[in-house]
Every structure is written in structure tokens, then in C-alpha cells.
Amino acid sequence: MNAAREPIRCALAGRLGRFALDAAFEAPASGVTAIFGPSGCGKTTVLRCIAGLQRIDRGRISVAGAVWQDDRAFVPPHRRPVGYVFQETSLFPHLSVKGNLLFGEVRARKGGAAMALGLDEVAGLLGLGPLLDRTPAALSGGERQRVAIGRALLSQPSLLLMDEPLSALDRRTKDEILPFLERLHAGLALPILYVTHDMAEVERLADHLVLMEAGLVTASGPLAALQGDPSLPLAARRDAAVSLEAVTGDYDPHYGLLALDVPGGRFTVPSAPTPAGERRRLTVQAADVSLALRRPEGSTISNVLPACIREASPLNEQELVVVVSLGAAGEGARVLARVTRRSWDQLALAPGKEVFAQVKGVALAPRRR
Amino acid sequence: MTGFAAEIGPPILLTLELAAVTTLLLLLMGTPLAWWLARSRAPWKEAVAAVVALPLVLPPTVLGFYLLVLLGPDGPGGWIAGLWGARTLAFTFGGLVIGSVLYSMPFVVQPIRNAFEAFGERPLEAAATLRASPLDAFFSVALPLARPGLLTGAVLGFAHTVGEFGVVLMIGGNLPGSTKVLSVAIFDYVETMQWGRAHAVAAGMAAFSFAVILLMTLLERRSRAARA
Chain U
7 MNAAREPIRC ALAGRLGRFA LDAAFEAPAS GVTAIFGPSG CGKTTVLRCI AGLQRIDRGR
67 ISVAGAVWQD DRAFVPPHRR PVGYVFQETS LFPHLSVKGN LLFGEVRARK GGAAMALGLD
127 EVAGLLGLGP LLDRTPAALS GGERQRVAIG RALLSQPSLL LMDEPLSALD RRTKDEILPF
187 LERLHAGLAL PILYVTHDMA EVERLADHLV LMEAGLVTAS GPLAALQGDP SLPLAARRDA
247 AVSLEAVTGD YDPHYGLLAL DVPGGRFTVP SAPTPAGERR RLTVQAADVS LALRRPEGST
307 ISNVLPACIR EASPLNEQEL VVVVSLGAAG EGARVLARVT RRSWDQLALA PGKEVFAQVK
367 GVALAPRRR
Chain C
2 MTGFAAEIGP PILLTLELAA VTTLLLLLMG TPLAWWLARS RAPWKEAVAA VVALPLVLPP
62 TVLGFYLLVL LGPDGPGGWI AGLWGARTLA FTFGGLVIGS VLYSMPFVVQ PIRNAFEAFG
122 ERPLEAAATL RASPLDAFFS VALPLARPGL LTGAVLGFAH TVGEFGVVLM IGGNLPGSTK
182 VLSVAIFDYV ETMQWGRAHA VAAGMAAFSF AVILLMTLLE RRSRAARA
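Going down the list, the sequences are from chains U and C. Residues in the first sequence are numbered consecutively from 7, following my numbering. Residues in the second sequence are numbered consecutively from 2, following my numbering.
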């Protein structure tokens, strides 16, 4: 097996001050793995331990086949090929933007690292060209964070760690940076561990998810699988949703509607003109999906897809969250629907039943690249 | 007046030489010490910090007295002086340097320690994740970020050494060319009733001190403006 394809393995147990951590998970060697959980659940500690900034008594960490920590060894942080983006700005105020960007680059070069990324490429990817000669003090919050990301990338990491890189920014600045993160995700093979407590960031960026609570990993797996698992707390959230990888199909220029194919079904959403064959991410909220026994007529809802009920679990006294898989035979992607208990009984819904899923709204992630 | 110039020239040069050597030694020794005080988690580090700060409150004569004992013929200083055939370190330029270093230590260590503590853990952690070894990070991140503190420490250390009197009198005496510095020269002029000359030196030193403080304030304001 190619060492670089080996998953990131992490098992950490022990106490740090009054905080007990017992977290074990694997993350794939490419794509974005989000570590999601409430504040204070130990997400940041996990990231700091992986970077070697903190040391926990019993830890085993291996990345791309290299052991960074086990019972005998502890590789110090400066010998671990990680990039780390901190929550708040961590640029060196005494260096220019360019000096900051090259800080890790020259050291990686001296250390004999394979130079996969150059200054021009990173500056282009993150839109840093016009900022190079400025000092960090002359940058906006969003620009600083972009420089910090570029600086981490130029140290030629084999793993990029991001600790809530957007949480210190306001809504508008977040929206300005998210497309850059999506470009990184689409354009680089580098695996990224992304700590966040914001579900919207998870839905847009993550491929894989690690759920944490009170120092424990409660679940980990592909994003859509965890989102669609009614036994996990995600499905019980008010904003429960499932993210689907879609491929663009025909575009109707008359009405401005784009067809998007997902396994087992096709959605139509309003969109700017888009060529066919692009990969895009759709997010379908449980609250926007209702179920019907017959294909409804005379409705403004344009997305009605045949589906099959997989399972259901009570959400509260009044409501259930229902997992349906798209396609008449139920062979396609899974989405969640929130229905009242009364409807469930009146329609005599049950697992295995064929239904129509009416999807009132679909969020289409902006175009990557 | 030419007589005065010839008379006061050597003490001025000696004072500047003493202050320069002392400041250099203090920066070389005080910076690692300040680094340790800022970053160590040893429970007894505050005891070390208190010893370093002692000259702030101790009468200079007390420090001078102990130094006299330590540097004198019967102390370790006498033994060291014996290595090159001398009898004592007291009443020598070397002894003055040792005394000045100890006496001005808190004025150099404290601002540098504050500067190291002010920027916190984060820049060093960032440097570590960017593949800088701890030594590399000290020189490429910690020292540049602590520059205002280093500057303040150097200026204060220099000025304070120029202005010291009690310790010098105790361990240096008043030997022209080797231990007679400006502050002692003033004392001399007053003792011998040469008020005019005492005035000239005193006014010169007052002006120097004023200039130093002003310069420091301006430098600090400029570095703060550059960072904001």
C-alpha cells in the first residue's frame, strides 16, 4: 500500500489539567475531515496533540505511514510536516506578508522536503498577489487568515490542520473566505483536518466527519452517512441536513433552471448558467422534505422524487425524523425528512414503503474553481 | 577651561566605556535569563527573579559592601585575580564591571522579560508548526518581537550604569583612569569646593538623563505605532 494513501490514525487518551480526553479515529488520506462538536469538547486539544504542540500521556498518531507519537517516540512539532492554521491571526508582525509566507517554505526546503507548492501557485489559489509587500498590520481579518493558510501550505505539509479558521471572523468575511477553502479542497490532494462548531462549514467543506462530545469521539465516517444516521444527534438538530455530491446536467436557459443528478434522482434548482458534467455539492434540509403517497399535482414544488422509507426515529413528542433513500427501488442517496407523528400514522408510513419525497428547497454550494 | 577638559575627559571616557561594556554583558546574559524567567515553569523561578530585582531596593552600599568582600583578596574574586598574579578584583575596572552588571541587572532583565511575556505562546507555536526549531524560533521570532524590550533594557542599563555612585565608591574607589567615573568626579569636586566644575558635570549628566528618557519614550511610541 502506498504510504501516502494510508489513513491518518489518531488515538489519544489521558488528562490535560482537569480535562479528560479519550479520542480515537481514522481519517482518509485525502479530502476534508471535519472534527465537529460543541465548544470545550476537546476538538482543539486533538488538533494540538496531532501537531505536537501538546503532549498527552497515551497517544498514537500516524500520518502517511510515519509515526508521530507512540509509547516510545514523540516527534517534536518542528519535525512534523503539518501546516497549522490557528483560530485567531498568528502572523509574525515583524515580517511582511511575503516574509510570513516564506517562513516555513525556506525551512521546509532546507529540511529537504519535496516542494509540491510554490509561492506563485499558493498566492494565486488564495488571491494573495496584491498583498505580498504589505505588513500584517495593514491587512483585514479575512486577508490575514488567507495569508496564514498560504503560509501553512508553503511549509509543504503532508497534513493541514485548521482550528476554527473562520470563527473569529464576521459573517461577511466568512463568506469571502469559504470559496477559497472550497478551492483548496478541490485543487489540492492534501488531507485537511478541520475543527469547527459550525454545521454550515461542515456541510460546505467536509467529506468525512468526526463527531466529538465531552472529550470523546462519538462517531466518525463519511459525512452523508453520519448526517443520515438517525441514531446520532446530528439528525435531531433543528437544522439537520444531508449533503449530496451531485453532477450538473442540462441547463434550461428559458427558466434559468439547472438539473443536478444525484444517485437515485435528479433535482432541478434555479442557478446561473452552468456547463454539464461539473461536480457540485447539494445540501437538503430535513425540514424542507415532506413525504406523499402519490405524486402530488398542482404544486409549486418542482422537486418530487420517488423514494423508499428506510427507517424512522422519534425526534420529540410530536415529530419523527425519517430516512428515505431516493429512487423507486430505494437504491440511491439518502436524505432526511421531518414529519409529524400524526402524518406518519394517518399515511400508515413504515420502513420499506415507497413514497414521493417533495423537496421544497435545495442549497447549492457555489461553484468550485 | 582647558584644564577642566583635560581633567574631566578621562572620567567621561571611563564612564562611557564602563557603561558600554556593562550594557553589552547585560544583554548577553540578561536576555537568556529573561527568556528563562518568562518561559520556565520552575516553581523557584520567582525567587531567582527576586534576587535579580534586589538592587532596586537595596542601598547601593549594601551591594557594594558584599561585593567588596567577594572581590577582595580573601574572597573568590581575590582567588580569581591570583590567576594573573593580582591580589584583588576590588578597585579595578573589572571589579567595577562586575558591580555594575549586578547593580543594573533588573533594569535590563525586567523590560526584556516583559517583552517576551507580552507576545505569549502563539508566535512560537506558529514557528514550530512552520518547522522552526526552538533555537531557530528564538532568533527568528522571539528576539525580533522583543525588540522594543531589548532596546528599553539596553538604554536603561546604559543610563543606570552611567548614573551609579554608591557601588562604585564602595568597590571602585577613586583611582583616576581606572575607576574614577563621572558620578565620583562630582563628589570629588564638591569635597574640594570646586562648585563651578561640579555644576558643569552635574548639569551635563542631568541633560544626558533627560535626553535618554525622551529618546526612549519616542522610540517606544514609534514601535507601538508601527505595530498597530
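The beta carbon of each residue, even a glycine, is placed where N, CA and C say it ideally should be.
Applying the 10 Å Cβ sphere with the 16-neighbour rule, what's the burial state of residue i?
{"i": "Met-121 (chain U)", "result": "exposed"}
{"i": "Asn-322 (chain U)", "result": "exposed"}
{"i": "Val-75 (chain U)", "result": "Reading off the sequence shown, one finds Gln at residue 75 (chain U), where the question assumed Val. Classification for Gln-75 (chain U): buried."}
{"i": "Arg-375 (chain U)", "result": "Residue placement at Arg-375 (chain U) cannot be trusted, given a pLDDT of 40 that sits under 50; what the coordinates show is reported in the next sentence. Burial call: exposed."}
{"i": "Phe-109 (chain U)", "result": "buried"}
{"i": "Phe-25 (chain U)", "result": "exposed"}
{"i": "Pro-60 (chain C)", "result": "exposed"}
{"i": "Thr-193 (chain C)", "result": "exposed"}
{"i": "Phe-211 (chain C)", "result": "exposed"}
{"i": "Glu-182 (chain U)", "result": "buried"}
{"i": "Asp-75 (chain C)", "result": "exposed"}
{"i": "Ile-214 (chain C)", "result": "exposed"}
{"i": "Phe-140 (chain C)", "result": "exposed"}
{"i": "His-200 (chain C)", "result": "exposed"}
{"i": "Ala-204 (chain C)", "result": "exposed"}
{"i": "Val-191 (chain C)", "result": "exposed"}
{"i": "Asp-294 (chain U)", "result": "buried"}
{"i": "Pro-259 (chain U)", "result": "exposed"}
Could you give the residue range of the alpha helix (DSSP H) that holds residue i?
{"i": "Met-168 (chain U)", "result": "Where Met-168 (chain U) is concerned, there is no enclosing alpha helix (DSSP H), although the beta strand (DSSP E) it sits in stretches over 165-169."}
{"i": "Leu-184 (chain U)", "result": "177-193"}
{"i": "Ser-349 (chain U)", "result": "347-352"}
{"i": "Tyr-67 (chain C)", "result": "61-72"}
{"i": "Gly-255 (chain U)", "result": "From DSSP, Gly-255 (chain U) is part of no alpha helix (DSSP H) but of the beta strand (DSSP E) over 247-258."}
{"i": "Glu-209 (chain U)", "result": "205-211"}
Could you give the first and the last residue of the continuous beta strand (DSSP E) run that contains residue i?
{"i": "Asn-309 (chain U)", "result": "309-320"}
{"i": "Thr-202 (chain U)", "result": "198-202"}
{"i": "Gln-60 (chain U)", "result": "First-last for Gln-60 (chain U): undefined, no H or E at that position."}
{"i": "Asp-28 (chain U)", "result": "25-33"}
{"i": "Phe-42 (chain U)", "result": "38-42"}
{"i": "Ser-296 (chain U)", "result": "295-298"}
{"i": "Gln-364 (chain U)", "result": "360-365"}
{"i": "Gly-270 (chain U)", "result": "From DSSP, Gly-270 (chain U) is part of no beta strand (DSSP E); its letter is neither H nor E."}
{"i": "Ala-225 (chain U)", "result": "222-228"}
{"i": "Val-329 (chain U)", "result": "325-332"}
Round the Cβ separation of residue i and residue j to the nearest angstrom and send it over; I've been treating them as touching at under 8 Å.
{"i": "His-379 (chain U)", "j": "Gly-48 (chain U)", "result": "Any question about residue 379 (chain U) goes unanswered here, given that chain U covers just 7 to 375."}
{"i": "Ser-96 (chain U)", "j": "Arg-123 (chain C)", "result": "5 Å"}
{"i": "Tyr-261 (chain U)", "j": "Leu-167 (chain U)", "result": "Tyr-261 (chain U) to Leu-167 (chain U), Cβ: 44 Å. No contact."}
{"i": "Val-169 (chain C)", "j": "Met-106 (chain C)", "result": "Incorrect: roughly 16 Å between the Cβ atoms, too far for contact."}
{"i": "Gln-93 (chain U)", "j": "Pro-171 (chain U)", "result": "7 Å"}
{"i": "Leu-97 (chain C)", "j": "Leu-19 (chain C)", "result": "6 Å"}
{"i": "Leu-196 (chain U)", "j": "Pro-163 (chain U)", "result": "7 Å"}
{"i": "Gly-255 (chain U)", "j": "Ala-339 (chain U)", "result": "Contact doesn't hold; Cβ gap of about 15 Å is too wide."}
{"i": "Leu-134 (chain U)", "j": "Arg-152 (chain U)", "result": "6 Å"}
{"i": "Arg-348 (chain U)", "j": "Val-330 (chain U)", "result": "Rounded, the Cβ-Cβ distance is 19 Å, inconsistent with contact."}
{"i": "Phe-117 (chain C)", "j": "Ala-138 (chain C)", "result": "Their Cβ separation, rounded to whole angstroms, is 12 Å, which puts Phe-117 (chain C) and Ala-138 (chain C) out of contact at 8 Å."}
{"i": "Leu-103 (chain C)", "j": "Leu-64 (chain C)", "result": "7 Å"}
Apart from the five residues on each side of it in sequence, which residues of its chain come closer than 7 Å, Cβ to Cβ, to residue i?
{"i": "Val-290 (chain U)", "result": "Ala-247, Val-248, Leu-250, Val-341, Val-365 and Val-368"}
{"i": "Pro-12 (chain C)", "result": "Lys-181, Val-182, Leu-183 and Ala-186"}
{"i": "Ala-225 (chain U)", "result": "Leu-217, Leu-232 and Leu-238"}
{"i": "Phe-31 (chain U)", "result": "Cys-16, Val-216, Val-223 and Ser-226"}
{"i": "Pro-82 (chain U)", "result": "Gly-58"}
{"i": "Lys-104 (chain U)", "result": "Leu-138 and Asp-139"}
{"i": "Ile-113 (chain C)", "result": "Gly-31, Thr-32, Ala-35, Ala-147, Gly-150, Leu-151 and Gly-154"}
Suppose the cutoff is 6 Å on Cβ atoms and the five residues either side in sequence are ignored; what does the same chain contact list for residue i look like?
{"i": "Glu-111 (chain U)", "result": "Leu-160"}
{"i": "Val-128 (chain U)", "result": "Gly-156, Leu-159 and Leu-160"}
Within the same chain, show all residues whose beta-carbon is closer than 8 Å to that of residue i, passing over the 5 residues directly before and after it, in chain order.
{"i": "Phe-209 (chain C)", "result": "Ala-160 and Val-163"}
{"i": "Arg-300 (chain U)", "result": "Phe-362"}
{"i": "Pro-228 (chain U)", "result": "Asp-213, His-214 and Leu-215"}
{"i": "Met-7 (chain U)", "result": "Residue placement at Met-7 (chain U) is poorly supported in this model, since its pLDDT is 43, which falls under 50; the coordinates still yield a value, given next. Result list for Met-7 (chain U): empty, nothing under 8 Å."}
{"i": "Leu-28 (chain C)", "result": "Val-109, Leu-151, Gly-154, Ala-155 and Gly-158"}
{"i": "Gly-79 (chain C)", "result": "Leu-72, Gly-73, Arg-88, Thr-89 and Leu-90"}
{"i": "Ser-146 (chain U)", "result": "Thr-179"}
Is any heavy atom of the ligand PLP found at a distance shorter than 7 Å from the C-beta of residue i?
{"i": "Leu-176 (chain C)", "result": "Absence of the ligand PLP is noted for the structure shown, with no ligands found whatsoever."}
Exercise for the section: Within the stretch 92-147 of chain C, note down every full beta strand (DSSP E) run reaching 3 residues or more, in order along the chain. Expected result: None, since the stretch 92-147 of chain C contains no complete beta strand (DSSP E) of that length.
Exercise for the section: Let me know the alpha helix (DSSP H) ranges lying completely inside the stretch 64-152 of chain U, each 4 residues or longer, listed in chain order. Expected result: Listed in chain order, the complete alpha helix (DSSP H) runs (minimum 4 residues) inside the stretch 64-152 of chain U are 103-116 and 125-132.
Problem - alpha helix (DSSP H) runs wholly inside the stretch 133-220 of chain C, at least 4 long, in chain order - result: Runs of the alpha helix (DSSP H) inside the stretch 133-220 of chain C: 135-138, 148-163, 167-172 and 183-192.
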